[in-house]
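Colleague: My questions all concern the structure below.
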Amino acid sequence: MVRLDGVEGPGASDVCLDETGAKWACGLQARAALHNLLAGSTLYCKPRQSLGPDQYTSRCVLGSVGGSNWTDRDLAFLLVELGWARPTGTMIERLAPYARAAQQGKLGLWRGDWSIAPPARVN
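Going letter by letter, the sequence shown gives residues 0 to 122 in numbering that gives the first Met the number 0.
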């Protein structure tokens with residue numbers, strides 16, 4: 000299993016609350032956004048840290064490894080920019096401007112200020 004280095008996002012089964020408190024399938028929508036980003040692209044991942052047997056944090060880019068600015072193709076950056084992930088750890092400072100822009104634009108999970116519903120509220 001690969002976990003993107005420096006970002007976190009919802010689980011596929013997570014349900015979020017929008018700004019009015021209404022529930023929406025944020026995990027499924029985040030998964031669909033990831034699928035759309037990957038569609039028709041080649042994904043290259045470089046393991047960064049082992050999390051256990053067959054589990055790693057990785058930096059992943061779309062397309063070829065060389066070339067233009069890393070932010071054009073870095074999967075973590077793209078997910079933060081679209082509001083489907085937020086920066087953590089060493090990537091907070093580097094990705095903060097893009098996370099703020101997504102938050103201000105109410106993109107992705109920011110349409111509900113990253114409010115993931117507790118399991119008791121999902122049903």
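Glycine included, C-beta positions come from ideal geometry on N, C-alpha and C.
Only counting the same chain, and skipping five residues up and downstream in sequence, which positions put a Cβ closer than 7 Å to that of residue 62?
Modeller: 40, 41 and 72
Colleague: Please work out which residues of its chain come closer than 7 Å, Cβ to Cβ, to residue 101, disregarding the five sequence neighbours upstream and downstream, and give them in chain order.
Modeller: So the qualifying residues of the chain are 79, 80, 81, 82, 107 and 109.
Colleague: Give the DSSP-derived three-state secondary structure of residue 121 in the structure shown.
Modeller: With a pLDDT of only 49 at residue 121, under 50, the local geometry of the prediction cannot be trusted, and no value is derived from it.
Colleague: Could you check where the beta strand (DSSP E) with residue 60 kicks off and where it finishes?
Modeller: 54-61
Colleague: Quick check on the DSSP output: what are the complete alpha helix (DSSP H) runs of length 4 or more inside the segment 68-103, in order along the chain?
Modeller: 74-80 and 91-103
Colleague: In the structure shown, what three-state DSSP assignment does residue 23 receive?
Modeller: strand
Colleague: Could you pull the start and end residues of the beta strand (DSSP E) that residue 47 belongs to?
Modeller: Here the beta strand (DSSP E) through residue 47 covers 42-51.
Colleague: Report all residues from its chain with a CB closer than 8 Å to the CB of residue 121; omit the five preceding and five following residues, and keep chain order.
Modeller: For residue 121, the predicted structure reports a pLDDT of 49, less than 50, and the residue's modelled location is therefore unreliable. A value from the coordinates is still provided. If we look at residue 121 and ignore the five residues flanking it on each side, its Cβ neighbours are 14 and 22.
Colleague: Using 10 angstroms around the beta-carbon of residue 99, count the other beta-carbons present and answer buried if the total reaches 16, otherwise exposed.
Modeller: It is exposed - the Cβ of residue 99 has fewer than 16 other Cβ atoms within 10 Å.
Colleague: Kindly identify the DSSP beta-bridge partner or partners of residue 14.
Modeller: Residue 14 is not bridged to any residue.
Colleague: Would you check if the distance between the CB atom of residue 17 and the CB atom of residue 88 is smaller than 9 Å?
Modeller: no
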